[in-house]
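Visitor: Attaching a single structure in C-alpha cells format; questions to follow.
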C-alpha cells in the first residue's frame, strides 16, 4: 500500500473521531486555534509525497523547534555541547525543575525546557544576531524563505513564562547559563514561536532522514553522524514522559509541540508531520499520536 | 549559678577552641568578617542581663530577620497568612527548590527562603514604603533607633541571588507571588542585610519571651498567641534540616543566620543571642550551637 | 479554671460534634472500634487528676508505643543509639520508604516506621525475651501490671504488613538491621499492639513530665536528660508530617497512634491522653487534636 | 568491510586496553570471574557468523534474562501485561525503590528490578513449574538444550537480596504481586542466574532480529509486533540511566547484565553479543559498550 492510500485510510478513520484532549491554554494565542484541525504530510525520499487534510495550515511548532536549535548548536560546538546538557530521558514532564536541582544544573537532555534554554544560551554566545541568524538557518534547512516567527506568541510566552524564568535563573545559579537571563529567554521564546504547516515541517526534517545530503550553514556542517545522534535523542526523549510509549507504539524518532504538531522521521525513507491541536494529559497531540501509530502499523515501516 | 557565671564558663571553654566550620563565602561582604569573633548576650526578664566577648560587635543577621518579617506580616494579616505558607519543617536545606515544586508553590514554612519571599511579598502588598516601614518596625520592636540595613550586603546578595530569583519566579508561576518579582527580591535582600550586635539582637527578641507586653505597631497587634506560634515555628523550623538537632541538644525556640548569629528565647525567662561566624555543614554557627547547648545544660533551663 | 472544668467544657463542646475523619481500616481489628468513642484523662503532678468520657476504655496505642520502646532502647544504649537513627523531622508520612533510600538506610527519626523498626532491632539485640521484657518495662513504667498485648492485632498487622516488611528489608540492605527480619517485625508488630485506656496511657507518661523521679529498669536508668530529649523528639517528630501543625496549634510534646489515641506532656505540670478513633488525612485523631488545642488554649499551659 | 574484519579490528584495539571499571562484587560467584575476559559473537541473518576472543566462554547473563522472561510473559498475557508495568525509561538506577513508591507500585518498565519481579510474578501465575518451564522456553528460543541455571549464583543472590526483597514487599503492599514473595524471588533469582556464552546469547536473540520466523511455545506466539515492541523497550530502557547514552553512541536496541554481558540487535540484519566483566559506574560493561560503539560506527549499521 502506498503512503497516500495509508494517509487516506487514517484520515477516513480519524478526521471526525473524538479522541479527547484539549487545546493548550496557557497563552491566548494557542487557544485561538481550530481545535478540530487535522492534517498530515509525508515527504518521501524515494518517490512522491503524500498528504491529507489541512496539511497546508500553519501552526505554532513550539518545542519541535528545539530539534532545530539543537541541530544548529551541535553543528557549531560539536561534542563539547554535551558538557552542558545530557542525553538521557528524564522520566519527568518537560518543565520539571526538580530534576535540574538534583543534577546540579545539567539538564537531562536538550528537549526538556532546561536543556533547550541551555542550547539557546549556546546559540546566543555564537550568533551575531540570534533571532535573525536562527531563522535564516531554519529557512535554509527547509528550503523555504517564508518561514517566520509569530511575535505575538513570543511575547505572550514571555508574559506567562515564570516557570521558564525560574529554570533559567536556576541554570544561572549553577553557572550553566553564560548570557543575560532575559536575553536568552527572549530568544528561547522566539524560537518556539516559529510557525509551519505540516508540509513545511516535514520538508524541514528531510535532512534528518539521512537522505545522503550533508547540510552546511555558515561554514558549519551538520554531519550524518550528528543527525543519527539527534535522531537517537528524539527517540529517547522527544515526548517527555511519554517517550517510551511513543517508541513502543510508533517506533520512530520524533518530536512533539504543544501547538499540536508532531514530526517523525524514518532514516532512509521518509519524514512525516501531523497536526491536531487537542493534547493528551502528557502534552502531546492525542490524534497525532494515534495517526502515527496507524501509519507505522499499516506501512510496516518503523525502525524496529 | 547565675547567667553571668554560666556565660563566663562558656567563654573560658570555647572562646579559643577550634570547632571547625567556615565563614559564609557566597558574597564578599560576609567573607570579610573576623572568623574568630565570638560574643553572647542574655536579656533576662527577671534580673540583670549577662554578656561576654564581642557582644557589642555588629554582624549581618541574615535569616534571623525572617522571624521579624514574619512577626510583622502575621500581625497585619492574622491567620489568613497560612493560606500562602505552611508551618511544617521541611527536612531539606533552606534553599531547596524541589520541595516547592512538589508542593505546588506553597512553601513548607516561613523560614525556608521560599516562605520568607512569600512573607516579603505580603509586606510589599501592605506597606507604603516596605524598606522604610520594615526598618521602622524592627527599630520599635528593639527599642533601638540605630539599627540599619547594610546596602552593600543587599546589593551583593542581589548580584549572587540567582537561586532566590529562581524560587521567586517559581512562586510566581504558582500564583503565590502578587507583586513584581524584582521589587519583592530587592526588599527581601534588604531585610536580610540588617546588622545587629548580640546585645541588640537579644533585646529585639525580648517580646518573644512573652514578657507580658503585647507589641503594637501602626494599629496592628502582635498578640501573645501569635508570639507563641512564632516560637513553635522557630522550634520546628528555625535551623533548616538541623532543627530537630537543635531542639534535641538545646531545647529552645531559636533562629540562625549565615552571618554566624543565633538567637533563642525561653518564654517567661530570657532571650539569648550568640555570634560566631564559622558555619557547620548545615549553615549554622558551629560555636554558637555548642555555646547554646552548654547554656541550657548548665542553667537547666530549656523548654523541655 | 481547674483541669476538670476545662475537660468538662471540651467534652460538652466536642463529644457529639462531627469533626470528620474515619477509623483506621487496614486491619479488621482496628475497624471494629466504636467510631464515636471519646475520652480524656489528665495526670496532674501537682494535684488531682481530671477525666471525662470513656477515659477507662482500652484502645490500641499503636505508634504511641514507639516512644516507650525508644525510652527503653535509649536507657540501655545511651547516645550511641543515634548512630543508627536520626533526630530530624521527616517532612513525610510515617511509612515513607523514599526518604530511607535517599538517606542510605538511616531513618530520619525514631518515630517514622523505619526508625521504630531500628529501635525494635536494638531491643531484640539486648533483651533475653524481647516481648516479655518489653511488656515488663511498660508495666513498671506505668505502675500497672494489667497492661497486655493484643495478639490478634499483632498477627493482623503482620498479615497486612508488606510495607513494613519492605522497610525492614531495605534497612537490612543498608546494614542497619542486625537481627532476622521476621523476628524484628514480629516484635515490632507486638509492641504496637499494646492496649491502654486514656487513664493508663496518661499514667504511663508521667515520667515524661520530669516529675523528679528517675526511672530505673534492670539496672539501666532513664535519666532526666534523656527524657528531655525524648520530649524534644516528640515535639519535632511526634505527628509525622503534621508535627509542625501540632507544635503550632497545641504546643506540647506528644505522640499519636492510628488507634485514635494521642498522649502529650507538659514538663513539670501534667501528662494528658485523649482517645477518639476517627483519623484525619494525616493519620492523627481529628477530635483528639482539637481537644488538645482547646486544652492548652483554655489552661494557657503550652511549653511556648 | 565484513563483520569478521570489523570484529578483528575491535579485538586488536580493545582486547588488551584498560578501560577501567570493576567486576560486580555483591556476590562471590560474580567476583570469581576473569576480569580481563573479552569475547564477541555476531549472528548474521544474511550470511556467515563472526566472532573473536572468548566468544565461547560462559558467563552469568543476569539482567539480560529480563528480556527473555518479558518475551515469555508478553506472549502469554498479551497487552494486558501493561496494566501492571510501564514502558517508560526510569531515569534512575535499576534498583531504585523511590520511583516505585511515587508511582504507586507500577514499575516504570520491565527492565528495572521491580518490573522484572512483576514479570516473574506473572510467569509464576501461569506456569506449572516456573523454573523448569522458563528454562525450557529459553532453550527452545535459542535452539540449545545445554543452557542451564547456576544454582550457586541463584542462592547467593538470595542471601544478598535484601533490596530485591524490599522491592517485592513494596509491590505486594501496592497489590501488584499476586504470588508468595519468597516464591517469586526464588524464581527471579534463578532466571537471572542463567549462563550463556556470547555465541549462545547472540543465537538466543536471533528471533529479535525479526528474521521472519514467528516463535511459538506451548501454543503461545511471540509475534513480530511483540518483538518490535520489546526492541523499542530495549532501546528506551535497556541500560538503566545510561539508556539514552547507549542509543546515542551505539544506536541499537540492547540489554546489559552485571555479569559483563551485553546483547544488541539490528532488525533484519544481525544480533550481537559481547562479554567483558569490568563494569562502569552505571553497572554496564565498560569495554562492551566501547566495542559495540565501534561496531556500529565501522559497519555503519545502527537503526538511526
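Chains as they are written, first to last, in the numbering used here: chain A, 1338 to 1641; chain B, 1338 to 1641; chain C, 1338 to 1641; chain D, 1338 to 1641.
Heads up, the beta-carbon is just placed ideally off N, CA and C, and yes, glycines get one too.
#1: Using a Cβ distance threshold of 8 Å, determine whether the stretch 1591-1604 of chain A contacts the stretch 1386-1406 of chain A, with at least three qualifying pairs required.
#2: Can you tell which of C:1619, C:1392 and C:1486 has the C-alpha that lies nearest to the C-alpha of residue 1537 of chain C?
#3: Can you check DSSP and say which residues form a bridge with residue 1378 of chain A?
#4: Shorter than 8 Å from the beta carbon of residue 1503 of chain B to some beta carbon of chain A?
#5: For residue 1566 of chain C, which residues in chain B fall below 7 Å Cβ to Cβ?
#6: Taking 8 Å as the threshold (beta carbon to beta carbon), is residue 1479 of chain C in contact with chain B?
#7: Go to residue 1537 of chain C, then tell me how far its alpha helix (DSSP H) extends in each direction, as first and last residue.
#8: In the DSSP output, which residue or residues are listed as bridge partners for residue 1554 of chain A?
#9: Where residue 1550 of chain A and residue 1437 of chain B are concerned, what is the direct C-alpha to C-alpha distance, given to the nearest angstrom?
#10: Using the rule of at least 16 other Cβ atoms within 10 Å of the residue's Cβ for burial, across every protein chain shown, is residue 1365 of chain C buried or exposed?
#11: Answer yes or no: do residue 1403 of chain B and residue 1447 of chain B have a C-beta to C-beta separation smaller than 8 Å?
#12: Less than 8 Å between the beta carbons of residue 1526 of chain A and residue 1491 of chain A, yes or no?
#13: Would you say the stretch 1408-1428 of chain A touches the stretch 1562-1582 of chain A, given that touching needs at least three Cβ pairs under 8 Å?
#14: On the three-state DSSP scale, how would you describe residue 1601 of chain C?
#15: Compute the beta-carbon to beta-carbon distance between residue 1590 of chain D and residue 1571 of chain D, rounded to the nearest angstrom, for a pair I have assumed lies under 8 Å.
#16: What are the residues that DSSP puts in a beta bridge with residue 1531 of chain C?
#17: Quick one: which chain C residues come within Cβ less than 7 Å of residue 1639 of chain B?
#18: Give a yes or no on whether 8 Å exceeds the smallest Cβ distance from residue 1488 of chain D to chain A.
#19: Using a beta-carbon distance below 8 Å, is residue 1440 of chain B in contact with chain A?
#20: What is the residue span of the alpha helix (DSSP H) that residue 1625 of chain A lies within?
#21: Within this structure, are the beta carbons of residue 1602 of chain B and residue 1535 of chain B separated by less than 8 Å?
#22: Please state if the CB of residue 1554 of chain A and the CB of residue 1474 of chain A are separated by a distance shorter than 8 Å.
#23: Just the Cα atoms here: how many angstroms apart are residue 1370 of chain D and residue 1624 of chain D?
#24: List the residues of chain A whose Cβ lies closer than 9 Å to the Cβ of residue 1466 of chain D, in chain order.
#25: Can you tell me which of A:1514, A:1411, A:1496 and A:1389 puts its alpha carbon nearest to the alpha carbon of residue 1286 of chain A?
#26: Could you tell me whether any Cβ in chain C is nearer than 8 Å to the Cβ of residue 1444 of chain B?
#27: State the start and end residues of the unbroken alpha helix (DSSP H) segment that holds residue 1462 of chain B.
#28: What residue does the beta strand (DSSP E) around residue 1510 of chain A start on, and which one ends it?
#29: Kindly indicate which three-state DSSP category residue 1639 of chain D falls into: helix, strand or coil?
#30: Can you pull the chain A residues whose beta carbon is under 8 Å from the beta carbon of residue 1492 of chain B, in chain order?
#31: For a quick check, are the C-beta atoms of residue 1343 of chain B and residue 1636 of chain B less than 8 Å apart?
#32: Taking beta-carbon pairs under 7 Å, can you tell me which members of the stretch 1504-1515 of chain B lie near chain A?
#33: I'd like to know if residue 1367 of chain C contacts chain D, where contact means its C-beta is closer than 8 Å to some C-beta of that chain.
#34: Per the DSSP calculation, residue 1592 of chain A is bridged to which residue(s)?
#35: Might you give, ordered along the chain, the residues of its own chain that have their beta carbon closer than 6 Å to the beta carbon of residue 1422 of chain B, omitting 5 neighbours on each side?
#36: Pick helix, strand or coil for residue 1562 of chain C, following the three-state DSSP scheme.
Guide: Result, derived from the coordinates:
#1: Short answer: they touch.
#2: Of the listed residues, the one whose Cα sits closest to residue 1537 of chain C is C:1392.
#3: DSSP lists A:1388 and A:1610 as partners of residue 1378 of chain A.
#4: It does: the Cβ of residue 1503 of chain B has a partner Cβ on chain A nearer than 8 Å.
#5: Under the 7 Å cutoff, chain B gives 1585.
#6: Answer no: the Cβ-Cβ gap between residue 1479 of chain C and chain B never drops below 8 Å.
#7: If you look at residue 1537 of chain C, you'll find it in the alpha helix (DSSP H) that goes 1535-1541.
#8: DSSP lists A:1557 as partners of residue 1554 of chain A.
#9: Going from the Cα of residue 1550 of chain A to the Cα of residue 1437 of chain B covers about 48 Å.
#10: Answer is exposed; the Cβ neighbour count stays below 16.
#11: Yes, these two residues count as a Cβ contact at 8 Å.
#12: Using a Cβ distance threshold of 8 Å, residue 1526 of chain A and residue 1491 of chain A count as a contacting pair.
#13: Contact check between the stretch 1408-1428 of chain A and the stretch 1562-1582 of chain A: three or more CB pairs, one atom from each, fall below 8 Å, which counts as touching.
#14: Strand, per DSSP.
#15: With a contact defined as Cβ atoms closer than 8 Å, residue 1590 of chain D and residue 1571 of chain D qualify at about 4 Å.
#16: C:1486.
#17: Per Cβ cutoff of 7 Å: 1565.
#18: Among the CB atoms of chain A, none fall inside 8 Å of the CB of residue 1488 of chain D.
#19: Among the CB atoms of chain A, none fall inside 8 Å of the CB of residue 1440 of chain B.
#20: Annotation: the continuous alpha helix (DSSP H) that includes residue 1625 of chain A extends over 1623-1636.
#21: Contact flag unset, no.
#22: Result yes, Cβ atoms of residue 1474 of chain A and residue 1554 of chain A sit closer than 8 Å.
#23: Answer to the nearest angstrom: the Cα atoms are 15 Å apart.
#24: None at all; the shortest Cβ gap to chain A is about 31 Å.
#25: The structure shown has nothing for residue 1286 of chain A, since chain A only spans 1338 to 1641.
#26: Cβ-Cβ to chain C under 8 Å: no for residue 1444 of chain B.
#27: Residue range 1450-1463 is occupied by the alpha helix (DSSP H) that includes residue 1462 of chain B.
#28: That residue, residue 1510 of chain A, is in no beta strand (DSSP E); its alpha helix (DSSP H) goes 1499-1510.
#29: Here residue 1639 of chain D sits in coil by DSSP.
#30: For residue 1492 of chain B, no chain A residue has a C-beta closer than 8 Å to its own C-beta; the minimum C-beta separation is roughly 17 Å.
#31: Yes, the pair counts as a contact, with Cβ atoms nearer than the cut-off.
#32: Residues 1506, 1507, 1509 and 1510.
#33: Residue contact check for residue 1367 of chain C against chain D: no CB pair falls below 8 Å.
#34: Residue 1592 of chain A is bridged to A:1600.
#35: So the list reads 1444, 1447, 1452 and 1455, once near-sequence residues are dropped.
#36: When DSSP states are grouped into helix, strand and coil, residue 1562 of chain C belongs to the helix group.
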